[in-house]
Amino acid sequence: MSVEVAIPEGYVRAFAKPAALSDAKFTYCPGCHHGIITRLVAEVLDELGILERTVGIAPVGCAVFLDRFFHCDFVQAAHGRACAVATGIKRARPDLVVFTYQGDGDLAAIGTAETVHAANRGENITVIFVNNGIYGMTGGEMAPTTLPGQRTVTTPTGREPRLHGYPLKISEMLAQLDGPAYISRQAVFDYSHVVKAKRAVLKAFRNQLEGKGFSLVEILSTCPTNWRMSPTEAGRWVAERVTEVFPLGDLKDVG
Amino acid sequence: MPKGIVVVDKERCKGCGLCVEACPFKVLDFSSEYNSSGYQVTYMAHPEKCTGCAVCANVCPDVALEVYREERSVKGAT
């Protein structure tokens with residue numbers, strides 16, 4: 117904390133920044149749910165006590181600077197190839213905990229093949245999939261996960277499924293395969309969903325420690341900047357509209 | 643004395659207002675202060691209402707909030 121405030125006696129700390137996070141300020145836009153998701157991953161690394169042997173794979177996209185935020189090792193993969201890089205690291209060093217943190221432009225578009233095949237092989241890695249339905253970093257273009265009718269800079273009159281295709285449901289696709297151990301979709305638009313999302317992330321990391329195999333947690337996020345909404349409006353949009361197309365819950369869990 | 647205290651890291655805060663919206667007791671609001679990045683930071687407008695539940699800190703995307711709770715209420719909760 118950069119602010120030193122005198123806390124009167126008799127008070128205990130109920131919430132503080134996780135030890136896995138560095139002091140670097142997040143580079144996300146104001147109100148972007150990416151920050152909550154990054155913090156949840158850090159809290160889980162702290163709780164499991166695995167920070168020292170964790171390697172993260174950063175994507176191309178808004179989360180590209182993840183290595184600055186965490187106190188663990190990071191590899192920044194080529195666009196979409198995070199699951200392939202994670203496969204290599206995990207197979208060479210099975211003692212390490214390997215996770216990828218990818219957006220929908222990275223995992224669901226250019227990296228679809230790498231993701232599907234890593235899942236199908238049942239690689240023992242953890243994937244955090246941040247789905248905000250848009251290309252955030254490059255300026256708000258349509259992504260495969262953009263909702264029908266949603267306006268982006270490349271679909272100024274709204275996404276027209278007959279012209280642009282339908283939203284790609286990666287989690288449903290992967291849940292059909294035999295390889296994955298755990299596929300879940302969560303959101304972080306309010307406190308109760310933050311708690312549920314953290315439980316799912318914790319499970320995805322625990323599965324890897326127990327050698328159960330490929331675990332993916334898709335977390336619905338916002339992009340207030342490119343959705344042209346206030347952060348609270350964006351949260352409401354996720355709760356009311358995005359969850360209709362991408363329903364929340366566990367899609368596959370081998371236990 | 644309030645049951646809880648929220649400490650705002652003014653340099654981390656981006657003034658998004660998610661904590662203001664999420665607080666169940668309407669403790670937080672935007673202050674008239676701006677940080678060095680030009681964001682209007684959040685502050686405890688009604689500190690007497692704070693229970694230290696930490697809902698604000700859990701929805702803060704920038705890990706800008708630290709929450710302290712009266713020791714008694716922690717014991718009472720567990």
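Quick note, the sequences are listed as chains D and S, same order.
Here my numbering is used: the first residue of the first sequence is 117, the next is one more, and so on.
Here my numbering is used: the first residue of the second sequence is 643, the next is one more, and so on.
By construction, the Cβ of each residue, glycine as well, lies at the ideal position given by its N, Cα and C atoms.
Scanning its chain for C-beta atoms nearer than 6 angstroms, with the 5 sequence neighbours on each side dropped, one finds around Pro644 (chain S) the residues Pro689, Glu690, Cys692, in chain order. CA-to-CA, the gap between Val269 (chain D) and Arg352 (chain D) works out to about 21 angstroms. The region 699-718 of chain S makes no contact with the region 357-369 of chain D: fewer than 3 CB pairs, one atom from each, lie closer than 8 angstroms. Lys368 (chain D): member of the beta strand (DSSP E) spanning 365-369, first to last residue. Your pair Phe321 (chain D) and Val160 (chain D) checks out as a contact, with CB atoms roughly 5 angstroms apart and the cut at 8 angstroms. The criterion of a C-beta distance shorter than 8 angstroms is satisfied by Ile173 (chain D) and Thr216 (chain D). Only Ser346, Pro347, Thr348, Gly351 from the region 343-369 of chain D bring a Cβ to less than 9 angstroms from some Cβ of chain S. In the pairwise beta carbon analysis, the region 136-152 of chain D is classified as not touching the region 235-243 of chain D: fewer than three pairs are separated by under 8 angstroms.
Phe131 (chain D) is positioned such that its CB atom lies closer than 8 angstroms to that of Ala696 (chain S). Note on geometry: alpha-carbon atoms of Gly177 (chain D) and Met253 (chain D) lie some 6 angstroms from one another. Between Cys658 (chain S) and the set S:Gly646, S:Val709, S:Tyr676, the nearest pair of CA atoms involves S:Tyr676. Around the beta carbon of Arg654 (chain S), 16 or more other beta carbons lie within 10 angstroms, which makes this residue buried. By the neighbour-count criterion, in which a residue is buried when 16 or more other Cβ atoms sit within 10 angstroms of its Cβ, Lys285 (chain D) is buried. Annotation for Ala208 (chain D): the continuous alpha helix (DSSP H) segment containing it runs 198-208.
Contact residues of the region 662-682 of chain S toward chain D are Glu663, Ala664, Tyr681 (C-beta to C-beta distance below 8 angstroms). Listed by position along chain D, the residues whose Cβ is nearer than 8 angstroms to that of Tyr685 (chain S) form an empty set, because the closest Cβ is around 11 angstroms away. Of all residues in the region 168-180 of chain D, none comes within less than 8 angstroms of chain S when Cβ atoms are compared.
Assigned with DSSP and collapsed to three states, Asn247 (chain D) falls in strand. Taking 8 angstroms as the cut-off, the beta carbon of Ala158 (chain D) is found closer than this to the beta carbon of Pro134 (chain D). Thr273 (chain D) counts as exposed, since fewer than 16 other C-beta atoms from the protein chains shown sit within 10 angstroms of its C-beta.
A Cβ of chain S is located within less than 8 angstroms of the beta carbon of His149 (chain D). A Cβ-Cβ contact shorter than 8 angstroms links Gly256 (chain D) with Asn342 (chain D).
For the region 293-309 of chain D, the residues whose beta carbon sits under 9 angstroms from a beta carbon of chain S are, in order, Val304, Phe305, Asp306, Tyr307.
Using a CB distance below 7 angstroms, no part of the region 203-232 of chain D faces chain S. Unbroken alpha helix (DSSP H) runs of no fewer than 4 residues, entirely contained in the region 278-366 of chain D, are found at 286-291, 307-325, 340-343, 347-353, following chain order. Residue burial annotation: Lys319 (chain D) is buried, with at least 16 other C-beta atoms found within 10 angstroms of its C-beta. Contacts between Glu712 (chain S) and chain D, judged by CB atoms closer than 7 angstroms, involve Gly126, Tyr127 in chain order.
For Leu137 (chain D), the nearest beta carbon of chain S is closer than 8 angstroms to its own beta carbon. Sequence-distant partners of Glu168 (chain D) (beyond 5 residues in either direction) whose C-beta falls short of 8 angstroms from its own C-beta, in its chain, are Cys188.
Closer than 8 angstroms to the CB of Lys656 (chain S) there is at least one CB belonging to chain D. Here Ala350 (chain D) really is in contact with Gly147 (chain D); their C-beta atoms are around 7 angstroms apart, less than 8 angstroms. The CB of Val121 (chain D) comes closer than 7 angstroms to the CB of Val649 in chain S, given here in chain order.
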